[in-house]
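Okay, so here's the structure we're looking at.
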Amino acid sequence: MTNLIEVRSVSKAFGGVIANKDISIDVPEGQITGLIGPNGSGKTTLFNSIVGYHPIDEGSIKFKGEEISTYRVPQIARLGMLRTFQQTRIYGAMNCIENMLISVPHRNATFSDMFKPYPAEMYDRAEELLEFVGLYQKRKLHSGDLSFGQQKLLEFAMALMNQPEVLLLDEPTAGINPTLINGLIDRLKRANTDFGITMFVIEHNMRVIMNLADSIYCLAHGELLASGAPEEVQNNQSVIDAYLGAH
Amino acid sequence: MMAVAEKSVEQDEVGKPTARRNYTANDIMMFGAIVLFGILGPILFPNYTFQIAVLWLMVLFAQTWDVMGGQMGYNSLGNIFFFGAGMYICTVTQIGLFTDVGAYTSSTDQGNFNFTPDQYYIGVAVGLVFAAIGSALLAVALGWIVFGLRGPYFAIGTLGIALAAGELIGAWEWVGGGGGIPIPVYPGSGDGKSFFYYVLCFASAIATFLFLKWLYSTRFGLAINAIRDDEEKAEAMGVHTLRHKTVAWAISAFFLGIAGGLFGNMTGFIEPLEVAFPTITFGIFMVAMALLGGKGTIWGPVLGAIVFHIVKEATWTYFLGWQWIALGVIIIINIVFFQQGIVGWLQEKYPHWFGIEVEGASK
């Protein structure tokens, strides 16, 4: 099994605050890898480092064997690695279909592609994916008028529209009604199995991440605390201490 | 009228592309009304041919400003730079094709040079092409510098470019410096000249409209809207943001360059501060007109420019001395009470006219 993402000894500090220290993580192809840790433990910083949002201080980040730690955000996105945001981000003044269409892969977009219309297949695919996340009825509404949970689903559908190889999800279930969470877990799993998308997921909801992930990494205070299968991590004493605040 | 609009939304179900990107019945009616006025205007009001020609330039200004300010969310206060650049490029081309520019601009009798009619028309044609292309290239070059700026910094940065350009041209003797350049004289009657430039101004405004209407229907339209709504998200989704921003500005500059070349020839004399780079008149008007009509809409800038220009000309004619106050009042009412502008307000009130669906709306 090959690793799509290989993070090696990555460190990142903001002034005196060390957000990530000597972190090494593997995200194997075809699997769902979880990333947990208390608030402020450096999870989102690690995500931002991987997707090129800011430069890292030390270490190496490889995507399919290619060193990407010096690449910028859009370049990395075009390689096939996409992230969603903790604070959901969609294009609020555009309707759902338009949000989907602009999310098509830009991997091989040439200059003249900018001035082409969208072919009918892309509309079909946009509608299929909106159906997949249960937003088909809302497809012509301004996405800014949707509820937070619906926007989250839309953002997920947009990510699928982009046909990434790996998807980095930052708290996909945060702010979502508990009854909808099961449906979302189901869809995440189907995106993984049916569409073959590798996932790397930050999640606070233990029930969700234990159910979803094949393996889990736990961060605390910017350092890697534990890793392994969900049950191992769940029963690891230092993980329990970190969450409950013991020292 | 509403029934027709409804129908076009229904057709959209079949034709896939979203309604606001097709020509609706309302669009065609509006467009027809404008073309009709464009043709009849100078016939019915021959004394106002020059003013109506300027109206079409105003429509062009507002439309080109809106490409960036409305559709892409980048509020440029310096787009007038491309107007002035186009004006100077066009003029220098018109002169330089046939005689020495330095000699022409430095002497009081234009180097004792007279243009034949053929030379005049060739000069204008080539000059306008160069003005358009040259301005677009300048936008590409400047884009590399200013697109690192966001929000108010972008606005002030672009304003700085326009102000600096006026000063720099003023110090450049080869193009006449602060003293300006008299434009080659039109080989014909005054009425002939008014008509000639009227047709060109009208055609430019219509061409701009048709081009932008098409442009917004392509992927480009969605991409710049995405940049407006959330540029960071667009980057994270792999959109070539810099490429789109640069092209958007170059398109604005292309049409503004033509407008500049035309306006220079219409006034007959160009100089840097008042005519070529008038940041506090045309430069601000283009922003005010787009906001008044409704930024980010296809008709907003057109309607805004028409209303603004009519009020401006009416107060100039009938309430001289109050004209700036009238314009100030319009801008204040616009900004304080209805920021969405005329068309933006209509879209909120009657979304179905525009093929926009709203939660819970009866269908």
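Respectively, the protein sequence lines represent chains A and B.
Going by the working numbering, the first sequence opens with residue 453, and the numbers climb by one from there.
Going by the working numbering, the second sequence opens with residue 1319, and the numbers climb by one from there.
Note that CB positions come from ideal geometry on N, CA and C, so glycine has one too.
Note that the structure is predicted; figures quoted are calculated from it, not measured.
query, result
"Contacts around Leu-1395/B, its chain only, beta-carbon distance under 8 Å, and the 5 residues preceding and following it disregarded", "Ala-1473, Ile-1474, Thr-1476, Leu-1477, Ala-1480, Thr-1597, Gly-1601, Ile-1602 and Val-1605"
"When His-1558/B, Ala-1623/B and Phe-1573/B are compared against Val-1447/B, the one with the closest alpha-carbon", "Phe-1573/B"
"Cβ-based neighbour list, Ile-628/A, same chain, cut-off 7 Å, excluding 5 preceding and 5 following", "Gly-601, Lys-604 and Leu-636"
"First through last residue of the alpha helix (DSSP H) which encompasses Leu-1373/B", "1367–1387"
"Cβ pair count under 8 Å reaching 3, the segment 522–542 of chain A against the segment 498–505 of chain A", "yes"
"Under 8 Å from the C-beta of Asp-622/A: neighbouring residues of chain B", "In chain order: nothing, as chain B lies at least about 11 Å away."
"Under the three-state DSSP convention, the category Met-1390/B falls into", "coil"
"Proximity winner among Glu-675/A, Ala-471/A, His-673/A and Asn-687/A, relative to Met-662/A (alpha-carbon distances)", "Asn-687/A"
"Arg-642/A, DSSP secondary structure in three states", "helix"
"Min CB distance Gly-554/A to chain B below 8 Å", "Here residue 554/A turns out to be Ile, not Gly, going by the sequence shown. Yes, Ile-554/A counts as interfacial toward chain B."
"At least three beta-carbon pairs within less than 8 Å, the segment 638–656 of chain A to the segment 605–619 of chain A", "yes"
"Contact with chain B by Asp-597/A, beta-carbon distance below 8 Å", "yes"
"Residues of the segment 486–507 of chain A with Cβ closer than 9 Å to any Cβ of chain B, in chain order", "Val-503 and Tyr-505"
"Inter-residue Cα distance where the pair is Trp-1634/B and Gln-1369/B", "12 Å"
"Per-residue burial, Glu-1677/B [other beta carbons within 10 Å of its own, 16 or more giving buried]", "exposed"
"Rounded Cβ spacing between Ile-1542/B and Gln-1389/B (contact assumed at less than 8 Å)", "5 Å"
"Which residues DSSP lists as bridging Ala-678/A, in chain order", "Cys-670/A"
"Selection from Thr-1426/B, Ala-1566/B, Ile-1487/B and Leu-1560/B that minimises the alpha carbon distance to Gly-1500/B", "First, the amino acid is wrong: residue 1500/B is Pro here, not Gly. The option with the nearest alpha carbon to Pro-1500/B is Thr-1426/B."
"Against chain B: residues of the segment 536–562 of chain A by CB proximity under 9 Å", "Thr-536, Phe-537, Arg-541, Ile-542, Tyr-543, Gly-544, Ala-545, Met-546, Asn-547, Ile-549, Glu-550, Asn-551, Leu-553, Ile-554, Ser-555, Val-556, Pro-557, His-558, Arg-559 and Ala-561"
"Whole-angstrom distance between Gln-689/A and Leu-677/A, CA atom to CA atom", "10 Å"
"Residue span of the beta strand (DSSP E) that contains Phe-584/A, given as start and end", "Segment 572–584 is the alpha helix (DSSP H) holding Phe-584/A; no beta strand (DSSP E) there."
"Beta-carbon spacing of Lys-592/A, Arg-1537/B below 8 Å", "no"
"Neighbour list for Glu-1485/B in chain A, Cβ cutoff strictly below 9 Å", "What Glu-1485/B touches in chain A: nothing, since even the nearest Cβ is about 35 Å away."
"Paired residues, beta bridge with Asp-478/A - DSSP", "Glu-458/A"
"Between the CA atoms of Cys-1519/B and Cys-1408/B - distance to the nearest angstrom", "15 Å"
"The segment 1485–1501 of chain B contacting the segment 1584–1593 of chain B, beta-carbon criterion three pairs below 8 Å", "yes"
"Given 8 Å, three or more beta-carbon pairs between the segment 1546–1558 of chain B and the segment 1367–1386 of chain B", "no"
"With 16 other Cβ atoms within 10 Å as the buried cut-off, status of Asp-1418/B", "exposed"
"Val-525/A: contacting residues in chain B (beta-carbon distance under 7 Å)", "Glu-1553 and Ala-1554"
"Reference Phe-608/A; option with closest CA among Leu-534/A, Phe-563/A, Gly-489/A and Arg-559/A", "Leu-534/A"
"Cβ-based burial, Phe-1374/B [other Cβ within 10 Å; buried from 16]", "Position check: residue 1374/B holds Trp in this sequence, whereas Phe was assumed. Classification of Trp-1374/B: buried, given that the 10 Å Cβ count is 16 or more."
"Contained alpha helix (DSSP H) runs [length at least 4] in the segment 1544–1599 of chain B, N- to C-terminal order", "1559–1585"
"Sheet register partners of Asp-1418/B (DSSP bridge)", "Paired residues: none, contrary to the question."
"Sequence-distant residues of the same chain with beta carbon closer than 6 Å to Gly-1445/B, five excluded per side", "Cys-1408, Thr-1411, Gln-1412 and Gly-1579"
"Residue-level contact to chain A via CB, Leu-1455/B, 8 Å cutoff", "no"
"Gly-486/A, enclosing beta strand (DSSP E) - first and last residue", "484–488"
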